[in-house]
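The structure appears right after this line, and notes come after that.
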Amino acid sequence: MKERRPLINANLRWFLTAMILANIAGQMGYSMLSLYLLDLGATVAQVGLVFTLASLVPTGLQILGGWLSDSVGRLRMIALGSSISVFGWLIFFVAPSWEWVLVGLCLDYVSNSVVGPSFSAYIAEQCSEGERGRVFGLTKSIYMVVTVVGPALAGFLAYRLGFRPMMFVAFFISLLVLNMG
Numbered sequence: 131m132k133e134r135r136p137l138i139n140a141n142l143r144w145f146l147t148a149m150i151l152a153n154i155a156g157q158m159g160y161s162m163l164s165l166y167l168l169d170l171g172a173t174v175a176q177v178g179l180v181f182t183l184a185s186l187v188p189t190g191l192q193i194l195g196g197w198l199s200d201s202v203g204r205l206r207m208i209a210l211g212s213s214i215s216v217f218g219w220l221i222f223f224v225a226p227s228w229e230w231v232l233v234g235l236c237l238d239y240v241s242n243s244v245v246g247p248s249f250s251a252y253i254a255e256q257c258s259e260g261e262r263g264r265v266f267g268l269t270k271s272i273y274m275v276v277t278v279v280g281p282a283l284a285g286f287l288a289y290r291l292g293f294r295p296m297m298f299v300a301f302f303i304s305l306l307v308l309n310m311g
């Protein structure tokens, strides 16, 4: 009788744990970012401008991120992207104005541009072709916990403590994840 091995191996479990924690922080920030910008004095038009300008970053960098993932290595690019993200979260936390949040968001989008292409490629490399669909289905389902926990935690913290302390918690989580690797 053939021994059954787990669908998600130990490397992938550790990887997913770190990525889930990092993206809980991400969802905390993204779910409250418009309100935070308004709290920092931005107008509704300026909120739209922040997201429009920041969206130009991944438009130009996703292809480079994929090339770097293939050239330098998946985990190295994820580590680099996580490092960049920490600085984005630090800027969110200390931002004296909405313009600073734009800078932090651009940094976070640089991070996403190098992590994103590596994320799925790394998952694909951790399983056989015959189980890839099941592994992707399972990992994407597990990963969706970030969209449940992140906004709920952000709402709770922002309501109880304010936006800046909530951004500090997101920064702290991203810093913790960086130290996991």
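In the working numbering, the protein residues as written are 131 to 311. Yeah, the Cβ is synthetic: ideal placement off N, Cα and C, and Gly gets one too.
From Ala-282 to Leu-146, what distance separates their C-alpha atoms?
Here residue 282 corresponds to residue number 152 of the sequence shown, with the count starting at 1. Here residue 146 corresponds to residue number 16 of the sequence shown, with the count starting at 1. So the two alpha carbons sit approximately 20 Å from each other.
Pick helix, strand or coil for Glu-255, following the three-state DSSP scheme.
Here residue 255 refers to the residue found at position 125 of the sequence shown. Glu-255 falls in the helix class under three-state DSSP.
Just to confirm, is the Cβ distance from Ala-155 to Ser-271 under 9 Å?
Taking the sequence shown and counting its residues from 1, the one referred to as residue 155 is at position 25. Taking the sequence shown and counting its residues from 1, the one referred to as residue 271 is at position 141. No, Cβ-Cβ distance for Ala-155 and Ser-271 is not below 9 Å.
Glu-133 - DSSP class collapsed to helix/strand/coil
Within the sequence shown, residue 133 is the residue found at index 3, counting from 1. Of the three classes helix, strand and coil, the one that applies to Glu-133 here is coil, per DSSP.
Among Trp-197, Gly-195, Phe-301, Val-307, nearest to Leu-235 - alpha-carbon criterion
Taking the first residue of the sequence shown as position 1, residue 235 is located at position 105. Minimum Cα distance to Leu-235 is reached at Phe-301.
Would you check if the distance between the CB atom of Ser-212 and the CB atom of Ser-243 is smaller than 9 Å?
Residue numbering aside, residue 212 sits at position 82 when the sequence shown is read from its first letter. Residue numbering aside, residue 243 sits at position 113 when the sequence shown is read from its first letter. Result no, Cβ atoms of Ser-212 and Ser-243 do not sit closer than 9 Å.
Any heavy atom of the ligand COA closer than 8 Å to the CB of Thr-182?
The ligand COA is absent from the structure shown, which contains no ligand whatsoever.
Residue ranges of each alpha helix (DSSP H) run of no fewer than 4 residues wholly in the stretch 133-200, ordered along the chain?
140-169
Since Pro-247 and Gly-178 are thought to touch, with beta carbons under 8 Å apart, how far apart are those beta carbons, to the nearest angstrom?
For the purposes of this step, residue 247 is identified with residue 117 of the sequence shown, where counting begins at 1. For the purposes of this step, residue 178 is identified with residue 48 of the sequence shown, where counting begins at 1. With a Cβ gap of about 27 Å, Pro-247 and Gly-178 do not count as contacting.
Local conformation of Ala-225 per DSSP, three classes
For this step, residue 225 is matched to residue 95 along the sequence shown. Residue state, collapsed to three classes: coil.
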